[in-house]
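Visitor:
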Amino acid sequence: MLSDIRQWCDHLTPWIRPSLKTELEVHFRNDDGFKHCRLTNIVNRTSPRSSKYTGASATFMKTKIRLSKSLDCEATLVEIFKYTHTLKANKGRFADERSGVHYDDYTQRLEAAIQQSQPPSGNDEYDSETSVSEQRHNDLLARIGGAVAINSDPTEKLEQLDHLREQMEVYNQQMRAGGSGTAGTSGNTVGGAPPSASTPPPQQGEDDNDDYLNL
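First residue of the sequence shown? That's 1 in full-length UniProt numbering, and the numbers climb one at a time after it.
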């Protein structure tokens with residue numbers, strides 16, 4: 001509608017009040033800012049590329065076809081987004097911070113999804129096994145630490161160690177005493193049944209001596 005007013009076409013603007021239409025025509029004819037924007041749009045329409053920031057003067061399909069030809073392959077939505085949201089003078093710089101943040105966030109999520117979809121290699125399996133082993137080792141240390149009461153008083157720990165030493169000393173003494181008494185019989189029991197005990201020699205009493213002398 002405004003384009004028709006600017007071009008003084010009345011077949012689509014009969015419903016506009018004449019006073020408003022006259023004011024609009026004066027604005028389009030004399031306003032310097034509007035003249036500058038109009039000249040910029042005319043140049044953009046004839047340019048082989050789009051406007052400064054986005055493809056305002058070119059449709060999405062035209063932009064896609066143009067970018068696909070320059071890339072020698074079909075342009076993706078990400079490439080089209082970057083192409084239409086970066087500056088002409090510096091294609092590595094986005095026109096606004098919001099577009100740059102959106103592009104970086106999307107590319108990071110895309111890379112994470114690609115890495116998760118790929119099968120793990122040999123090194124990845126080794127790393128995963130190593131991490132699992134380390135986790136189990138840490139869990140074991142934590143359980144052992146809980147068993148010896150890490151949070152207890154150091155003095156109490158020393159007393160427990162002294163008590164253990166005393167018990168070990170008593171146990172060693174018992175083992176030594178029992179080993180000396182059973183050392184002779186232990187070797188006999190290894191080969192099988194123990195041999196019969198030897199009978200002691202007969203004891204000669206006083207009567208036996210007398211009988212012997214009488215002979």
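The C-beta atom is built at its ideal place from N, Cα and C for all residues, glycine as well.
1) Bridge partners of phenylalanine 94, per DSSP?
2) In terms of residue numbering, what span does the alpha helix (DSSP H) encompassing arginine 66 cover?
3) Less than 8 Å between the C-beta atoms of asparagine 103 and lysine 82, yes or no?
4) Quick one, are the C-beta atoms of phenylalanine 94 and threonine 86 less than 8 Å apart?
5) Give the DSSP-derived three-state secondary structure of glutamate 23 in the structure shown.
6) Could you have a look at leucine 40 and say whether DSSP puts it in helix, strand or coil?
7) Near histidine 27, what residues of its chain come up, given a Cβ to Cβ distance below 8 Å and the 5 sequence neighbours on each side ignored?
8) I need the straight-line Cα distance from leucine 161 to tyrosine 171, nearest angstrom please.
9) Taking just the CA atoms, how far does valine 43 sit from threonine 22?
Guide: With the structure as the only source:
1) By one-based count along the sequence shown, residue 94 stands at place 94. Thr86.
2) For the purposes of this step, residue 66 is taken as the residue at position 66 of the sequence shown. Counting along the chain, the unbroken alpha helix (DSSP H) around arginine 66 starts and ends at 60–71.
3) The residue given as residue 103 occupies position 103 in the sequence shown. The residue given as residue 82 occupies position 82 in the sequence shown. First, the amino acid is wrong: residue 103 is tyrosine here, not asparagine. Closer than 8 Å, so yes.
4) Taking the sequence shown and counting its residues from 1, the one referred to as residue 94 is at position 94. Taking the sequence shown and counting its residues from 1, the one referred to as residue 86 is at position 86. Threonine 86 sits close to phenylalanine 94, with the two beta carbons spaced by under 8 Å.
5) As a first step, residue 23 is located in the sequence shown; it is residue number 23 there, counting from the start. If DSSP states are grouped into helix, strand and coil, glutamate 23 belongs with the helices.
6) The residue you call residue 40 lines up with position 40 of the sequence shown. The residue you asked about is not leucine; residue 40 is threonine in the sequence shown. In the three-state scheme derived from DSSP, where H, G and I count as helix and E and B as strand, threonine 40 is classed as helix.
7) Taking the first residue of the sequence shown as position 1, residue 27 is located at position 27. Excluding sequence neighbours, histidine 27 sits near Phe34.
8) For the purposes of this step, residue 161 is identified with residue 161 of the sequence shown, where counting begins at 1. For the purposes of this step, residue 171 is identified with residue 171 of the sequence shown, where counting begins at 1. Computed Cα separation, rounded: 15 Å.
9) One-based indexing of the sequence shown puts residue 22 at position 22. One-based indexing of the sequence shown puts residue 43 at position 43. Inter-residue distance for threonine 22 and valine 43 is about 28 Å (C-alpha atoms, whole angstroms).
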